[in-house]
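First the structure, in the form of structure tokens, and then the observations on it.
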Amino acid sequence: LELTWGSHQLSGVACNLKSKGFAALTKSIEEVKGEAKPFSITGSLPLVKELQEAGFDLQITGFGLSSTYHADNEYCLLSDMQDAIKVMARIIAKIN
Numbered sequence: 001l002e003l004t005w006g007s008h009q010l011s012g013v014a015c016n017l018k019s020k021g022f023a024a025l026t027k028s029i030e031e032v033k034g035e036a037k038p039f040s041i042t043g044s045l046p047l048v049k050e051l052q053e054a055g056f057d058l059q060i061t062g063f064g065l066s067s068t069y070h071a072d073n074e075y076c077l078l079s080d081m082q083d084a085i086k087v088m089a090r091i092i093a094k095i096n
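If you count by this note's numbering, then the sequence shown holds residues 1 to 96, one letter each, in order.
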């Protein structure tokens, strides 16, 4: 058995928990949802590390149901998407 790696490998990323973007994200979620519970999971998102290395204050978040991510019956709640819009509007207001 011989294992070989391809020429392109994804790089990991850690969001900056002391950045202005993270502060705006967590505060906005708290304002809309009542609390924010930051956590980390593994996965792969192309170009994420490259964006961070280019100087972007990179934060990754989701507003759906984590219990249904990538499930055969994956879905989200309209109420969660409405909250997401409220959170994003607050983030924009805080950053600008």
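Built from N, CA and C at the ideal position, the CB exists for glycine as well.
With a cut-off of 8 Å on Cβ pairs, the region 9 to 27 is in contact with the region 58 to 65, counting three or more such pairs. The alpha-carbon of residue 36 is positioned some 26 Å away from that of residue 47. Taking C-beta separations shorter than 7 Å and ignoring five residues to either side along the sequence, the partners of residue 31 in its chain run 90, following chain order. DSSP assignment within the region 41 to 65 yields the following whole alpha helix (DSSP H) runs of 4 residues or more, N-terminal first: 48 to 53. Looking at 15, 39, 67, the one whose alpha-carbon comes closest to that of residue 53 is 15.
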